[in-house]
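Report on the following structure.
Protein chains in written order, with this note's numbering: chain A, 11 to 358; chain B, 11 to 358; chain C, 11 to 358; chain D, 11 to 358.
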């Protein structure tokens, strides 16, 4: 069994990692850390894990040395800034690192500093980081020491736009990504604004028009399109636990037929088990991917307005964070990307 | 007291009308009809109205003659098609009619027939119909015999765009309305697709890209802008009971400063109690209008992308249907538009 | 207009008081305090109140002297302990006080100290306090200087059991109150355990078997029955915002027919507009009282098991806290108890 | 691979069986039937199963002969009455049957006919039926041709009470089971009363005091206790998709210490992976078992009232229906009961 470390078990990404590694056939939680809950068992804070081996792991203070000695791979599920501090020493100890924070996603430290308001002091580590979107970068991930696990919104947006931009099927101007996310995306910090009664039975935009995932989306789309791209990305908070639905407004390039575009999408993702291109006329919804790695994509041509609407749906916690982190760790250890991630969605 | 008739009490718009007229100081439910529930009391089907006078009204079969004799105004809360059948005879009997269906909203019977797939056979009544958006058409509504109560999405979209289009502040091309609605908008018909377990904890688009409210929105925006407009309107279903949030993507005309636009919005709606233009930096949410006539509007300029995002929020059942119907009936009887509609939102 | 003070606007009871007093015809918010939000407008923290006079009130630090000078009545919507500190000085300044905390509900300071773990140092004020359940104590409330506003669970439980115990219709032994409450009951404090994702789509018991409302329920039931009573009271947390449903398991005294019991309930509450005794066969539900003062009660006789199940439903925030506080303030000022509280429930 | 048939795929139990058998390592869906959806693929009605082999199964009309020829086991996920019609011919064809309806749960046809209002015409099949609660009847299930899959409420109630009654730890009189269930329990039929807007943000009792699961619970508890038992069983509808929480009020027999009772529970279920007896002080909640076979049980002694409150939580769809059906089919084929059912709960 591959020994895995989890730094920061108390957030929702840590919680989801604990779930996913509880039944992984080749990887297991060995070292779990949290400043707040050190000394407790994992099952004390997550009683749903009673009866699993992972539930009996004792939570410890985060110690780089111990993590490096005991683990083959360490998942950093801590806020940005904190992740940066941990990554360098871990890499120096030759342990593989999958960072779920934003610290190693942006190639430019200047852009990072502008959007995150924080000095980036790990340029060396950053230079080694691979952007962990398996459908695009599996070969690089297999060789990586440090994987920057993509943000949830970028995962939905990039997978939704990749075949279209890669194949120059749409204009690169004027793209609007209107995204809606479940509340796990807001984290597991004590806060009035994410209390049940503040989120239940309501809906609202937030972070407009400068959400921090914007430069990450633009960086990756630009790389795909081979030209600098600017997009309008605008998120909203849904009264659901899990899931992101991105409604992406694009304009097909002149002469691109809807059937052709659909065919190219289907071919692009044909060998990727976790991306499902829906047949024409079929629209995606959050629940169809709940608890899984699936990204469901639909293409809606609109002749009246000359647009192509792309709908991309993921589970923000699994595909958009911890599941993708496990997929990356699988690749880094030479395992098939799907190992331990073959779930049927819990649609109701 | 003004005597009101309600045709079709069993749907959500009928239910909301029953709520609103239970405490209206100048108007009361006198005649309530439903084919399915004739013979019962209103409180038998709506036990929340026990203890109210309206709860004791006996539901009857819909009879034009009786409605005309007993009522000063009749609300038609039945599906399109059925409303058309009722409206003509009622108008002939000199009773005022507020139609909550789509039957008299579109000026062109051809457009109606194209989008609703139904023959329009009430051209005479249609020629008298006034579009019942009080902020735009109060003078005409005061004189009207027949008011076509606006659709819920059009109400949110038109109020959100009105000052910008009226004053040529934005381009008329390329407008995208990404709208999200609560499930009361789907009606109160027995149906698997709107069962609790099919809507709860999920989210999905529907009706793309040809929802029936599209021509209504385009008709009204075109009238405001003074030129034919095409918009991309795309709705989604939220796991909440009430509320619509429309995220409207526009482009300011060259030289229009964000401050100017905000000022014009504030001035336009200054005398309209039920439209609240939020201060810059403040974003709207569904719950802030729950159960009320308020339309909350925010303007988000985005310099990076050269856009102006307009957010418009209403309660789809109250402002987007039954409350607006009562407001129209108020105007038709010479009452202040706000009569009986002064609620504080039930924000939690 | 009666000038009202509100100490502690940031909790859910404060928020609900702000809603209720926004349209009260005889009482208005004059002085609103909060340590955390002093200096802001009410509408800054509660944007749903934009457009209301109450939204424009400036929040101040809590100052007894200012409250006493400006207000005729002060609502204490602060935690127990804090309320005790405020009440004495306010009463000394001859302002009427409605305390929404638990500080003046229990007649015995020893019982208070046992269950709340806090020294009670306001014996004098306590001796003046009237238990503010209008259906039982309206005459005393009209004369009171200090009203101890009942807890939410006690309100549901006592109203449900009152006619049965008062008239010796049921055994006083072995009563079980299985109660379920919406999450507003858990307060508006930043806390992980009441985050949206921790409450949504789940359900759990809490506080078993020693919830703090137990001695309050037992005190009042004992007073009604004229003998010391012990009950088993067990609450659960519902994934809804508002509402309490108490399922109360009792045993009818020998010879008491279901019809008789129902008749006595109906008669007891006949003159009380806000208690609705449902007809036999009709079961209550939370939504039928949402946003209102109604308490809906149903009686379910079960011959198989020799039980009488009493179901009692209220809105925990309105009837179970702030609405009842306004009702008490109404009575204290010689107004009809219903003044400003005549709402139709927002059933969907 | 064991070939399984599924009669009635369109309900929630059918949907859950389709999910569970999509990844079962030893059993697969071979024959799926539905009168309404014959001719479609499973993935056409359940798009969450795209990409799974089970999604590609063509739905057919239910034909006993075909089912018998192709399958080793048939799951009947149709309403009571219909199940009875299918079971006899299938058994005659030597196919194993797991019936998820109520048709073979009650030993007495008279009791069945009284509570279900239907003639029971399969006495021969009934005589062979084994009650499929694996913790109690695994040896019998292994030999069974026909397993009557327990109801959801009985599963929660019986597992919660089994050790206490088996070991005479509690009185057999005066037991109250106050149960709360998610809305999947109400089925997937088009119906106004289970529409999203009728269930969301509310809560209500139903079926009081004669829910059809009562005789099943009493039959099984009587068998365990060795004496005829009557219980008060009262269900409520929660605004959640999955899960049952039963709050069971009992009285410990004289002299039974809480520690002893807890120890006996722990020992009773020590070898049963899917029952988790929580440590003292720990309370269960629905989400901790979501999507799984776990039954979480807590014991809350209450000295003040002389009671023992037993809390029992399951996922009504998985443990309370389809998962338990798969467990039974596992046993009937000589597999370990847990095969294909080792899920970690999706707690958020």
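Backbone N, C-alpha and C fix where the C-beta goes; we use that ideal spot for every residue, glycine too.
Can you pull the chain B neighbours of residue i, defined as C-beta to C-beta under 8 Å?
i                      : result
residue 191 of chain D : Simply none; closest approach about 12 Å.
residue 201 of chain D : 200, 205
residue 29 of chain C  : 354, 355, 356, 357
Hey, is residue i's beta-carbon within less than 8 Å of any beta-carbon in chain B?
i                      : result
residue 314 of chain A : yes
residue 86 of chain C  : no
residue 183 of chain C : no
residue 283 of chain C : yes
Counting contacts by CB-CB distance shorter than 8 Å, is residue i in contact with chain A?
i                      : result
residue 22 of chain B  : no
residue 102 of chain B : no
residue 292 of chain D : yes
If you draw a straight line from the C-alpha of residue i to the C-alpha of residue j, how long is it?
i                      : j                      : result
residue 234 of chain C : residue 126 of chain C : 24 Å
residue 99 of chain B  : residue 81 of chain B  : 14 Å
residue 240 of chain B : residue 312 of chain A : 12 Å
residue 51 of chain D  : residue 25 of chain D  : 13 Å
residue 226 of chain D : residue 203 of chain C : 36 Å
residue 21 of chain D  : residue 198 of chain D : 5 Å
residue 245 of chain B : residue 218 of chain B : 7 Å
residue 182 of chain D : residue 112 of chain C : 38 Å
residue 41 of chain C  : residue 179 of chain B : 42 Å
residue 149 of chain A : residue 31 of chain A  : 23 Å
With a threshold of 8 Å between beta carbons, is residue i in contact with chain D?
i                      : result
residue 214 of chain C : yes
residue 25 of chain A  : yes
residue 126 of chain C : no
residue 164 of chain C : no
Which residues bound the beta strand (DSSP E) around residue i?
i                      : result
residue 246 of chain A : 242-247
residue 259 of chain B : 254-260
residue 231 of chain D : It is not in any beta strand (DSSP E) - residue 231 of chain D instead sits in the alpha helix (DSSP H) that spans 223-235.
Against residue i, what residues of chain A qualify as contacts under a CB-to-CB distance less than 9 Å, listed in chain order?
i                      : result
residue 210 of chain C : 193, 206, 209, 210, 249, 250, 251
residue 277 of chain D : Correct list: empty, because the minimum Cβ distance to chain A is about 16 Å.
residue 259 of chain B : 186, 188, 242, 244, 259
Against residue i, what residues of chain B qualify as contacts under a CB-to-CB distance less than 9 Å, listed in chain order?
i                     : result
residue 56 of chain C : 298, 357
Classify residue i: buried if its beta carbon has 16 or more other beta carbons within 10 angstroms, exposed otherwise.
i                      : result
residue 11 of chain D  : exposed
residue 137 of chain C : exposed
residue 49 of chain B  : exposed
residue 131 of chain A : exposed
residue 270 of chain A : exposed
residue 188 of chain D : buried
residue 102 of chain D : exposed
Along the chain, where does the alpha helix (DSSP H) that runs through residue i open and close?
i                      : result
residue 102 of chain D : 92-102
residue 119 of chain A : 119-126
residue 24 of chain D  : 22-31
Is the shortest distance between the beta-carbon of residue i and the beta-carbons of chain C less than 8 Å?
i                      : result
residue 301 of chain B : yes
residue 329 of chain B : no
residue 118 of chain D : no
List, in chain order, every chain B residue whose beta-carbon is nearer than 7 Å to that of residue i.
i                      : result
residue 286 of chain C : 60, 61
Check the Cβ of residue i against every Cβ in chain D and list those closer than 7 Å, keeping chain order.
i                      : result
residue 352 of chain A : 33
residue 317 of chain C : 242
In chain A, which residues lie less than 7 Å from residue i when you measure between Cβ atoms?
i                      : result
residue 326 of chain B : Those do not exist, as residue 326 of chain B stays about 12 Å from chain A at its closest Cβ, beyond 7 Å.
Name the chain D residues whose beta carbon is nearer than 9 Å to that of residue i?
i                      : result
residue 169 of chain C : Neighbours of residue 169 of chain C on chain D: none; closest Cβ ~17 Å, over 9 Å.
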